[in-house]
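Here's the structure we're looking at; comments come further down.
There are 2 protein chains.
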Amino acid sequence: MKLEEAKAEFVQSWGVLGSQWGINRTMAQIHALLLVAALPLTTEDIMGQLSISRGNTNMNVRDLIDWNLVQKVIIPGERKEYFKAEKDIWKVATLIMYQRKKRELDPMIKVLGQLSEVDGDPNDKDIKAFTESVKNINKFAGQAERTLDTIIKAEENWFWGSFIKLFK
Amino acid sequence: MKLEEAKAEFVQSWGVLGSQWGINRTMAQIHALLLVAALPLTTEDIMGQLSISRGNTNMNVRDLIDWNLVQKVIIPGERKEYFKAEKDIWKVATLIMYQRKKRELDPMIKVLGQLSEVDGDPNDKDIKAFTESVKNINKFAGQAERTLDTIIKAEENWFWGSFIKLFK
DNA sequence: ATAAATTTTCAGTAAATATTGAAAGTTTAG
DNA sequence: CTAAACTTTCAATATTTACTGAAAATTTAT
Chain A
1 MKLEEAKAEF VQSWGVLGSQ WGINRTMAQI HALLLVAALP LTTEDIMGQL
51 SISRGNTNMN VRDLIDWNLV QKVIIPGERK EYFKAEKDIW KVATLIMYQR
101 KKRELDPMIK VLGQLSEVDG DPNDKDIKAF TESVKNINKF AGQAERTLDT
151 IIKAEENWFW GSFIKLFK
Chain B
1001 MKLEEAKAEF VQSWGVLGSQ WGINRTMAQI HALLLVAALP LTTEDIMGQL
1051 SISRGNTNMN VRDLIDWNLV QKVIIPGERK EYFKAEKDIW KVATLIMYQR
1101 KKRELDPMIK VLGQLSEVDG DPNDKDIKAF TESVKNINKF AGQAERTLDT
1151 IIKAEENWFW GSFIKLFK
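So the sequence lines, in the order shown, correspond to chains A and B.
Residue numbers for the first sequence follow this note's numbering, so the first one is 1 and each next one is one higher.
Residue numbers for the second sequence follow this note's numbering, so the first one is 1001 and each next one is one higher.
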């Protein structure tokens, strides 16, 4: 398989995967493009390779930067901005976990906490069913939260571990 | 907080969470409704509580059944079908993991495998960057797959463990 | 067998989401 | 300072996705 063909297929698949996970398809495709690029790309490179508009490119690159999945690269003597992706896939995974935990799990836990007490007879079957379910989901969410924190933390340690090695 | 109010808030939040994870909002809301219901519900109960059409209800309930998150319940002497959700939240989590692994991770691993060999000089920087990234993502995906399998398997063991206890 | 009850399907429509492109804004070189 | 290079914004538009409702299919009771 030719490189360009393989790249196109990777970009396409990553886009599909992203969209199944609530991430805008184009954002995932730009991420894919940067993940497999040898060198940082410009907005125009991205526009060209994906056949998308300047505005679309700009907005999605910015979202990737917000997630810390992509960084601006300044090349001395060049006017344009270049972009490169974080390539350590473990780092990518933990960045995504961190963002999603913050934006989705944490708010859910907050809501569940507020729902744990409802007015009325605690022996009423409807109230019992509700509080029982909420309690269990809450418990599960708490475990998930702690597990994610551990993974994210471990990754940081691993990162620092590697970083330190560079200077030994 | 009143029960009805709390239920409505839970359904709403679960719907938002689902939609952020690539699950249709209505499907998540129906799931939420069944999760906190004391007794199985009919199509009409669901239609009424969520103010959605019969067709929409039918399609989303069927999707939930496909995921094994919901089951039909036949009540003797009743013509209508009733639906109830799996309430063990660990079971729910592993069912979702299993389905998503099957539908998303497994196809991605297949694609990555096909992309691991590209024509051309392996020292070319573009080819090197591409194969290196794909190799790492593939490795990560493999680890993720094995981890998920372990979790899903553990859950089955746990399930059988509980099941066996019932007959001791 | 048949008709009432219930479920399923799906074409048409509505709603949500993503994209464009051009104007406005910003930065930098000279 | 100012004009060219470049980036950002956002209203209009296009695309994708979800929903409705009524007709068709199926099931069940008699």
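Glycine included, each C-beta is placed from N, C-alpha and C at the ideal position.
Step through the CB atoms of chain B and report whether any lies within less than 7 Å of the CB of V111 (chain A).
-> As a working note, residue 111 (chain A) is residue 111 in the first sequence. Judged by the 7 Å Cβ criterion, V111 (chain A) is in contact with chain B.
Nonlocal neighbours in the same chain, by C-beta distance under 6 Å from L148 (chain A), ignoring five residues either side = Here residue 148 (chain A) is taken as the residue at index 148 of the first sequence, counted from 1. Excluding positions up to five away in sequence, the list reads M97, K101.
Excluding five sequence neighbours on each side, which residues of the same chain lie with their C-beta closer than 7 Å to the C-beta of F1010 (chain B)?
-> In the second sequence, counting from the first residue as 1, residue 1010 (chain B) sits at position 10. So the qualifying residues of the chain are A1032, V1036.
Should E1005 (chain B) go down as buried or exposed, given a rule of 16 or more other Cβ atoms within 10 Å for buried?
-> Along the second sequence, one-based indexing puts residue 1005 (chain B) at 5. Looking at its Cβ environment, which holds fewer than 16 other Cβ atoms inside 10 Å, E1005 (chain B) is exposed.
Boundaries (first-last residue) of the alpha helix (DSSP H) holding A1093 (chain B) | What you label residue 1093 (chain B) is simply residue 93 of the second sequence in a count that begins at 1. That run of the alpha helix (DSSP H) goes 1089–1100.
Going along the chain, which residues of its own chain have a beta-carbon closer than 8 Å to the beta-carbon of D63 (chain A), five neighbours each way excluded?
-> Your numbering for residue 63 (chain A) matches position 63 in the first sequence. Counting only Cβ-Cβ distances below 8 Å, and skipping sequence neighbours, we find N24, M27.
Taking C-alpha atoms, which residue in A:A8, A:I151, A:L39, A:F140 lies nearest to Q1094 (chain B)?
-> By one-based count along the second sequence, residue 1094 (chain B) stands at place 94. In the sequence on display, residue 1094 (chain B) carries Thr and not Gln. The residue with the shortest Cα to Cα distance from T1094 (chain B) is A:F140.
Assuming S116 (chain A) contacts K91 (chain A) (C-beta within less than 8 Å), just tell me the rounded distance between them.
-> Your numbering for residue 116 (chain A) matches position 116 in the first sequence. Your numbering for residue 91 (chain A) matches position 91 in the first sequence. 36 Å between Cβ atoms; not a contact.
Interface residues of the stretch 1090–1102 of chain B facing chain A [CB-CB below 9 Å] | W1090, V1092, A1093, R1100
Look at the Cβ atom of A129 (chain A), then the Cβ atom of A1085 (chain B), and state whether they are nearer than 7 Å.
-> Taking the first sequence and counting its residues from 1, one reaches residue 129 (chain A) at position 129. Taking the second sequence and counting its residues from 1, one reaches residue 1085 (chain B) at position 85. No, the Cβ-Cβ distance between A129 (chain A) and A1085 (chain B) is not below 7 Å.
Residues of its chain near Q29 (chain A), where Cβ-Cβ distance is below 8 Å and the 5 sequence neighbours each way are ignored = One-based indexing of the first sequence puts residue 29 (chain A) at position 29. These residues qualify, in order along the chain: V11, Q12, W14, G15, G18, L50.
Residues bridged to T1042 (chain B) [DSSP beta-bridge criterion] | Your numbering for residue 1042 (chain B) matches position 42 in the second sequence. The partner list for T1042 (chain B) (beta bridge, DSSP) reads B:Y1082.
Give the residues of chain A in contact with M1001 (chain B), contact being defined as C-beta atoms less than 9 Å apart.
-> Mapped onto the second sequence, residue 1001 (chain B) falls at position 1. Going along chain A in sequence order, the residues near M1001 (chain B) (Cβ under 9 Å) are Q114, L115, E117, V118, D119.
On the DSSP bridge assignment, give the partners of V1070 (chain B) in chain order.
-> The residue you call residue 1070 (chain B) lines up with position 70 of the second sequence. According to DSSP, which records beta bridges pairwise, V1070 (chain B) is partnered with B:A1085.
Identify, in the order they occur along the chain, each residue of the same chain with its Cβ nearer than 8 Å to the Cβ of G1142 (chain B), setting aside the five sequence neighbours on each side.
-> Counting from one through the second sequence, the residue named residue 1142 (chain B) turns up at place 142. The residues are I1109.
Could you tell me whether any Cβ in chain A is nearer than 7 Å to the Cβ of I1151 (chain B)?
-> The residue you call residue 1151 (chain B) lines up with position 151 of the second sequence. Chain A contact via Cβ: absent.
Kindly indicate which three-state DSSP category K1002 (chain B) falls into: helix, strand or coil?
-> Residue 1002 (chain B) sits at position 2 when you count from the first residue of the second sequence. Note: K1002 (chain B) maps to coil in three-state DSSP.
Between the CA atoms of L1034 (chain B) and G1120 (chain B) - distance to the nearest angstrom | For the purposes of this step, residue 1120 (chain B) is identified with residue 120 of the second sequence, where counting begins at 1. For the purposes of this step, residue 1034 (chain B) is identified with residue 34 of the second sequence, where counting begins at 1. About 56 Å.
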